[in-house]
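The block underneath contains the structure these notes are about, expressed in structure tokens.
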Amino acid sequence: MSNPAPLAELWRGDLLESLHTGHAVICDSSGQIVWSCGNPDTIIYPRSSAKMIQALPLVESGAADAAGLGVPQLALSCASHSGEAQHTTRVADWIEGLGLSENDFRCGVQQPSHSETRRTLLLNGEAPCQLHNNCSGKHAGFLTLNRHLGAGAEYVEVDHPVQTACKTAFEEVTAMDSPCYGIDGCSAPNFATSVHGLARAMASFASAHTRSGVRAEAQSRLVQAMITHPELVAGTGRACTELMGAAAGRAALKTGAEAVFVGMIPETGFGIALKVVDGGTRGAECAIAALMVRLGILDANDPAVLKRMNAVQKNWRGIETGIIRPAAHLLS
5 MSNPAPLAEL WRGDLLESLH TGHAVICDSS GQIVWSCGNP DTIIYPRSSA
55 KMIQALPLVE SGAADAAGLG VPQLALSCAS HSGEAQHTTR VADWIEGLGL
105 SENDFRCGVQ QPSHSETRRT LLLNGEAPCQ LHNNCSGKHA GFLTLNRHLG
155 AGAEYVEVDH PVQTACKTAF EEVTAMDSPC YGIDGCSAPN FATSVHGLAR
205 AMASFASAHT RSGVRAEAQS RLVQAMITHP ELVAGTGRAC TELMGAAAGR
255 AALKTGAEAV FVGMIPETGF GIALKVVDGG TRGAECAIAA LMVRLGILDA
305 NDPAVLKRMN AVQKNWRGIE TGIIRPAAHL LS
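The sequence shown finishes on residue 336 if you use my numbering, and the numbering steps up by one all the way, no holes.
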């Protein structure tokens, strides 16, 4: 990851104590770069920021409509949810409607990241299951597509028809061949691309409503599902949910592990992608908030923004000790 640029700074007193560097790109609807920092050609794994791309075959194939999926299910297919009841109940009902069960998932068991849900499970003596996995909505989408295709049960294998469809969609919307893949936390393959390629894909989604055709309709439906249900895309207190809420319908945002963040802005057709080199989530959240402020989508003084950008740090006695702020060039 050569030539990263400063993205977020942690100041304590008059000293720059920590610095998050990385790469960021904003593309227009044609896929051209309108602003960047760092190296746009850096190859990254998009991780969960690519979930709307992985959901494209679900919609394009007709599988979503054949299964009667609604807008909440499409939002969940793009989600990295917190494992709250609002997420797990919907996913459970979804797969039950397919005649399947939690045992058909291949994502693995994960503790819910939502603290109250985790506490409730503990107090009730209940164990988490695959429904609590943050990727269970995506995997419900995989299972829906898999049933539509009539393919084998091991839908996460890289040469399975579900994953070959995902790779084809991924390479088409990024407009480049993927050089490699890795296995994601949920066991599905995650295809690599450049930061520019990922931003180009997000611009394709953001501008889909201006085009016609099966691909554009599918992209537009997924973007609108995310915008309509930000609470399903992430969860209570999460950056994706709160920043989309603050954007009030003007943008769809999605994070990915190891400090990737993407954004889609339908009114301008702009797509955003960024990667913080050290994998620090606080740096990615600060940077995406700053870029959304730069583009006039978020107010710098909105509480959801201040929680992540220009966020005052306090110690255990409530004394202000520092601040996390974006690198100046992100806003100018």
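Every residue gets a Cβ at the ideal spot worked out from N, C-alpha and C, and that includes glycine.
Q: Thinking His-164 and Pro-44 are a contact (beta carbons under 8 Å), I'd like their distance in whole angstroms, please.
A: Between His-164 and Pro-44, the beta carbon gap of about 32 Å keeps them out of contact (Cβ cut-off 8 Å).
Q. What is the DSSP secondary structure of Gly-275, counted as helix, strand or coil?
A. DSSP places Gly-275 within a strand segment (E or B) once states are collapsed to three.
Q.
By DSSP's criteria, Ser-22 is part of a beta bridge. Which residues make up the other side?
A. According to DSSP, which records beta bridges pairwise, Ser-22 is partnered with Leu-14.
Q. What's the gap between the Cα of Ala-212 and the Cα of Gln-223?
A. If you draw a straight line from the Cα of Ala-212 to the Cα of Gln-223, it comes to about 6 Å.
Q | Paired residues, beta bridge with Tyr-159 - DSSP | A | Beta-bridge pairing links Tyr-159 to no other residue.
Q.
Restricting to runs no shorter than 4 residues, where is the alpha helix (DSSP H) found entirely within the segment 165 to 199?
A. As far as the segment 165 to 199 is concerned, its whole alpha helix (DSSP H) runs of at least 4 residues are 165 to 178.
Q. Quick one: what's Lys-258 bridged to in DSSP?
A. Lys-258 pairs with Val-266.
Q | CB contact flag (Ala-263, Val-280, <7 Å) | A | With respect to the 7 Å criterion, Ala-263 and Val-280 are classified as neighbours on the basis of their beta carbons.
Q: Please determine, among Ala-12, Gly-217, Cys-41 and Ile-99, the residue with the shortest C-alpha to C-alpha distance to Glu-64.
A: Nearest of Ala-12, Gly-217, Cys-41 and Ile-99 to Glu-64, Cα basis: Gly-217.
**Q.** Buried versus exposed, by CB contacts within 10 Å (16 or more), Thr-148
**A.** Buried is the label assigned to Thr-148, since at least 16 other Cβ atoms lie within 10 Å of its Cβ.
Q: Please classify Cys-31: does DSSP put it in a helix, a strand, or coil?
A: In the structure shown, Cys-31 adopts extended strand secondary structure according to DSSP, grouped into three states.
Q.
Under 8 Å: do the segment 129 to 137 and the segment 110 to 118 share three or more Cβ pairs, one atom per stretch?
A. Yes, they touch.
Q. Measuring CB to CB, does His-24 end up less than 7 Å from Gly-287?
A. Taking 7 Å as the Cβ cut-off, His-24 and Gly-287 qualify as a contacting pair.
Q. Do the segment 219 to 235 and the segment 256 to 275 meet, that is, are 3 or more Cβ pairs less than 8 Å apart?
A. Touching, per the Cβ criterion.
(Q) Quick check on the burial criterion: 16 or more other C-beta atoms within 10 angstroms. Buried or exposed for Asp-181? (A) Residue burial is scored here from C-beta neighbours: Asp-181 has fewer than 16 other C-beta atoms within 10 angstroms and is therefore classed as exposed.
Q) Using the beta-carbon count (16 or more within 10 Å), is Ile-187 buried or exposed? A) The residue in question, Ile-187, is exposed, as its Cβ has fewer than 16 Cβ neighbours within 10 Å.
Q. Where does the unbroken alpha helix (DSSP H) through Pro-76 begin, and where does it stop?
A. Residues 75 to 81.
Q) In the structure shown, what three-state DSSP assignment does Glu-324 receive? A) For Glu-324, the secondary structure class from DSSP, reduced to helix, strand or coil, is strand.
Q) Would you call Lys-318 buried or exposed, if buried means 16 or more other Cβ atoms sit within 10 Å of its Cβ? A) So Lys-318 ends up on the exposed side.
Q: Could you name the residues of the same chain whose beta carbon sits closer than 7 Å to that of Ala-203, not counting the 5 residues immediately before and after it, in chain order?
A: Result list for Ala-203: Val-29, Ile-30, Cys-31, Gly-275, Ile-276 and Ala-277, in chain order.
Q) Between Cys-82 and Met-230, which are expected to be in contact by the criterion C-beta below 8 Å, what is the C-beta distance as a whole number of angstroms? A) Sure, about 6 Å apart at Cβ, within 8 Å.
Q. Bridge partners of Arg-329, per DSSP?
A. Beta-bridge pairing by DSSP links Arg-329 to Glu-13.
Q: Could you check if Ser-53 is buried or exposed, using at least 16 other CB atoms within 10 Å of its CB as the buried criterion?
A: Its Cβ being crowded by 16 or more others within 10 Å, Ser-53 is buried.
Q: State the DSSP-derived secondary structure class of Ser-40, mapped to helix, strand or coil.
A: Three-state DSSP puts Ser-40 in a strand.
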